[in-house]
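I have placed the structure first, in the form of structure tokens, so that the comments after it can refer back to it.
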Amino acid sequence: MAAKLRILKRLSSTAKSENATLVTESSLYQHFELVPGKQAFLRGMNLKPSDNCQAYLEITIPDNALDGNYRLSIAQLVDGKEMGRVTRMLAVGDYPFMGNRRTLELHVSGCEWAAKTSGRNKVAYDSIERALKHGYNGCAYCLPEYNTG
1400 MAAKLRILKR LSSTAKSENA TLVTESSLYQ HFELVPGKQA FLRGMNLKPS
1450 DNCQAYLEIT IPDNALDGNY RLSIAQLVDG KEMGRVTRML AVGDYPFMGN
1500 RRTLELHVSG CEWAAKTSGR NKVAYDSIER ALKHGYNGCA YCLPEYNTG
């Protein structure tokens, strides 16, 4: 798995990187490649309390990755204390079913309602039985036989 980070140069230019290599920079951004299998840090960033900015993380999963769900977490630490965290599940492989974790509704992957689900709420399933065990209910349109209302 490969990971790249793009962050505002004014924030990261004075930071010390660990397990992250600066590969390119422009007048606005610095681009880092992160060491696979390691936690990466930018320590000592020039972040002001009033700053409201974004960093962009790009994850590339290799073609030979085993099918399954992979957890990706990104945390912001200030003075060693966690101030925020974003966690996403990455589904690798072909999954015939997709659950909406907010509504607990289960869809066939090609259902038009599945396409309208926010990426942060999508959960991949390889079987209906597993999704039902986790409390999901079938979509009234694509899985009416599993819809309990």
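With the working numbering as the guide, the letters of the sequence shown map in order to residues 1400 to 1548.
Ideal Cβ placement from N, Cα and C applies to all residues, glycine included.
From a predicted model like this one, the values you see are computed outputs, not experimental measurements.
Beta-carbon gap between residue i and residue j smaller than 8 Å
i, j, result
"L1456", "L1404", "yes"
"L1410", "L1446", "yes"
Proximal residues to residue i (C-beta, below 7 Å), its chain only, five neighbours per side dropped
i, result
"L1407", "L1427, Y1428, C1452"
"P1543", "G1537"
"N1546", "N1536, G1537, C1538, A1539"
Own chain, CB closer than 6 Å to residue i, minus 5 neighbours either side, in chain order
i, result
"D1525", "Y1494"
"Q1438", "none"
"I1473", "V1485"
"C1541", "H1506, V1507, C1510"
From the options, residue whose alpha carbon lies closest to that of residue i
i, options, result
"L1489", "L1503, E1504, T1502, L1471", "L1471"
"N1468", "I1460, L1503, F1440", "I1460"
"R1529", "A1539, L1505, E1511, M1444", "L1505"
"K1415", "S1425, A1402, G1443, F1431", "G1443"
"M1400", "G1483, G1509, N1463, Y1540", "N1463"
"L1465", "E1432, M1482, G1492, K1447", "G1492"
"T1502", "L1410, H1533, R1484, A1474", "H1533"
"V1522", "N1546, T1486, A1539", "T1486"
"N1418", "P1435, P1448, E1424", "P1435"
"W1512", "Y1535, A1539, I1527, V1477", "A1539"
"P1448", "M1482, F1431, E1424, F1440", "M1482"
"F1440", "L1531, A1402, S1425", "A1402"
Distance, residue j Cα to residue i Cα
i, j, result
"G1548", "G1509", "21 Å"
"D1450", "Y1535", "40 Å"
"Q1475", "T1413", "17 Å"
"S1425", "F1431", "12 Å"
"A1454", "I1527", "37 Å"
"G1479", "T1423", "28 Å"
Touching by the beta-carbon criterion (3+ pairs, under 8 Å), the segment 1512-1523 and the segment 1482-1501: yes
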